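A.B. asks:
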Amino acid sequence: MSSLLEIRENIRNFYSRNEVYLQPLFKFLLALVALLMINGNLGFMSKIDNIFIVLVLALMCSFLPINLLVISAVFVILHFYAVSMECAVVGGVVFLLMLLLYYRFAPKDALIVLLLPLCFVLKIPYAIPIIVGLLCTPASVVSVACGVIVYYMMDYVKLNATVISSLDADNAVSKFRYVMDGLMNNKAMLIVLISFCITTIIVYVIRRLSVDHAWTIAMFAGAVVSVVMLLLGDLTFDTNISVVATILGTVVSLLLAKLVEFFAF
Numbered sequence: 000m001s002s003l004l005e006i007r008e009n010i011r012n013f014y015s016r017n018e019v020y021l022q023p024l025f026k027f028l029l030a031l032v033a034l035l036m037i038n039g040n041l042g043f044m045s046k047i048d049n050i051f052i053v054l055v056l057a058l059m060c061s062f063l064p065i066n067l068l069v070i071s072a073v074f075v076i077l078h079f080y081a082v083s084m085e086c087a088v089v090g091g092v093v094f095l096l097m098l099l100l101y102y103r104f105a106p107k108d109a110l111i112v113l114l115l116p117l118c119f120v121l122k123i124p125y126a127i128p129i130i131v132g133l134l135c136t137p138a139s140v141v142s143v144a145c146g147v148i149v150y151y152m153m154d155y156v157k158l159n160a161t162v163i164s165s166l167d168a169d170n171a172v173s174k175f176r177y178v179m180d181g182l183m184n185n186k187a188m189l190i191v192l193i194s195f196c197i198t199t200i201i202v203y204v205i206r207r208l209s210v211d212h213a214w215t216i217a218m219f220a221g222a223v224v225s226v227v228m229l230l231l232g233d234l235t236f237d238t239n240i241s242v243v244a245t246i247l248g249t250v251v252s253l254l255l256a257k258l259v260e261f262f263a264f
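First residue of the sequence shown: 0, per numbering that gives the first Met the number 0; consecutive thereafter.
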C-alpha cells in the first residue's frame with residue numbers, strides 16, 4: 000500500500016510541476032475526443048466532418064478562453080441542420096435551455112456534460128453519476144441530466160435521420176412534431192435520467208456521513224441503486240436495456256470510481 004501511495008504522490012508532484020503544460024494538453028485532448036465523437040456519431044454535414052477543422056478548434060480550445068461545451072453544441076446543431084432545419088431548431092432550443100440551466104446551477108461542471116455522452120459511447124455511463132456524487136455537490140445533477148439528454152438526442156437523430164429527411168419538406172409542422180415526440184416520449188432516456196440523478200444524490204449523501212469507509216459504501220450503494228432502477232424501468236416500460244451490459248458497465252464504473260477515490264481522498 001505504501002508503494003501505491005508513493006506512486007500517487009509522484010504523479011501529483013509531476014502534475015503540479017508541469018501544470019502549465021499539462022492543462023492545455025488535457026484541454027486539447029478533451030476537445031479533440033469530444034468533436035471526433037460528435038462527427039463519428041452524426042457526420043451528416045461533411046464540411047465540418049473534417050480532421051483539419053477538428054484539430055484547429057481543439058488547439059483553439061486548449062489555449063484560448065473558448066467554451067468547449069458551446070463549440071460542441073454548435074457542431075451538433077450543424078449536423079442536425081444537415082438532416083433538416085426543423086431538427087436543428089429543436090436541437091438549438093434544447094441546448095439553449097440546457098446552457099441556461101447549466102450556467103445558473105452548475106457553471107463549473109461543463110466536463111460532466113461532455114464526458115457523459117462519451118461514456119455512453121464507451122458503454123460505461125454509470126461511472127459519471129457515482130464519480131459526480133463523490134466529488135461534486137447536489138447541484139451537479141443538472142449537468143448529469145443535461146449529459147443524458149444530449150446523448151439521447153444525438154442517438155435519436157442518428158437512428159431516425161432517414162425518416163426525418165424523408166418527411167414532406169413543405170410540412171414543417173410534421174417534422175417538428177416527429178422530432179419532439181421522439182424526444183419527449185423516449186422512455187429509456189427518462190429512466191436513465193431519473194436513475195442517474197438519484198444515484199448522484201445517494202452517493203453524495205452517503206459519502207458525507209461520519210462513518211468508516213463512507214466513500215466505498217457510497218460507491219457500492221449508488222451502483223446497486225442505479226442497476227436496480229434501470230432494470231426495474233426496463234421491466235416496466237420494456238426499454239430494451241441490456242442486463243449483461245448494464246452489470247458489466249457498472250462493475251467497470253466502480254473500478255474507475257475507486258481509482259478516483261484513490262487520487263482524490
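We treat Cβ as the ideally placed atom computed from N, Cα and C, and that holds for glycine. Quick caveat, the model's predicted, so the values are computed rather than measured.
#1: Could you give the first and the last residue of the continuous alpha helix (DSSP H) run that contains I37?
#2: For I246, which residues from the same chain have a beta carbon less than 7 Å from its beta carbon, with the 5 sequence-adjacent residues on both sides left out?
#3: Helix, strand or coil for S209, going by three-state DSSP, please let me know.
#4: Hey, could you find the ends of the alpha helix (DSSP H) K257 is sitting in?
#5: Under three-state DSSP, which class holds N12?
#6: Should R16 be labelled buried (16 or more other beta-carbon atoms within 10 Å of its own) or exposed?
#7: Could you please give the first and the last residue of the uninterrupted alpha helix (DSSP H) stretch that includes M153?
#8: Would you mind stating whether S83 and P23 have Cβ atoms separated by less than 8 Å?
#9: What is the DSSP secondary structure of Y125, reduced to helix, strand or coil?
#10: Spatial neighbours of R206 within its chain, please: CB distance less than 6 Å, with the 5 preceding and 5 following residues excluded, ordered by chain position.
#11: Kindly confirm or deny that the segment 244 to 261 and the segment 144 to 159 touch, where touching means at least three C-beta pairs closer than 8 Å.
#12: So, using beta-carbon positions, are S142 and V112 closer together than 8 Å?
#13: Looking only at its own chain, which residues have a Cβ that is under 6 Å from the Cβ of V178, when we skip the five neighbours before and after it?
#14: What three-state label does DSSP hand K186 in the structure shown?
#15: Hey, would you say A109 sits closer than 8 Å to L67, going by beta carbons?
#16: So, helix, strand or coil for M44, using DSSP?
#17: CA-CA distance, N38 and S164?
#18: Which of the three DSSP states is assigned to C86 in this structure?
#19: Return the first residue and the last residue of the alpha helix (DSSP H) that C60 is part of.
#20: Relative to the C-alpha of L117, which residue among L230, I10 and A33 is closest?
#21: Could you check which residue in I193, K157 and S194 has the C-alpha nearest to that of G181?
#22: Do V195 and P128 have their C-beta atoms within less than 8 Å of each other?
#23: Out of E8, I197 and R11, which has the shortest C-alpha to C-alpha gap to A144?
#24: Report the rounded CA-to-CA distance for N239 versus D233, giving the unit in angstroms.
#25: Helix, strand or coil: how does DSSP classify K174 here?
#26: In terms of alpha-carbon separation, which member of H78, L77, A72 and F27 lies closest to L54?
#27: For V69, does the count of other Cβ atoms within 10 angstroms reach 16, so buried, or fall short, so exposed?
#28: Using the Cβ count rule (16 or more neighbours within 10 Å means buried), how would you classify M183?
C.D. replies: To lay it out plainly:
#1: E18 to N40
#2: V226
#3: coil
#4: V242 to A263
#5: DSSP, reduced to helix, strand and coil, places N12 within a helical segment of the structure shown.
#6: exposed
#7: V140 to S165
#8: Cβ distance not < 8 Å, so S83 and P23 don't count as in contact.
#9: coil
#10: Non-local C-beta neighbours of R206 in its own chain, meaning closer than 6 Å and more than five positions away in sequence, comprise L133, A213, W214 and A217, ordered along the chain.
#11: no
#12: yes
#13: If the five residues before and after V178 are omitted, its C-beta is found closer than 6 Å to the C-beta atoms of C86 and V89, all from its own chain and listed in chain order.
#14: helix
#15: yes
#16: The answer is coil: DSSP assigns M44 none of H, G, I, E or B.
#17: 19 Å
#18: helix
#19: Where C60 is concerned, the enclosing alpha helix (DSSP H) starts and stops at I50 to F62.
#20: A33
#21: K157
#22: Looking at the sequence provided, one finds Phe at residue 195 rather than Val. Yes, they are a contact pair.
#23: If you compare the alpha carbons of E8, I197 and R11 with that of A144, the shortest gap goes to I197.
#24: 6 Å
#25: Helix at K174.
#26: F27
#27: exposed
#28: exposed
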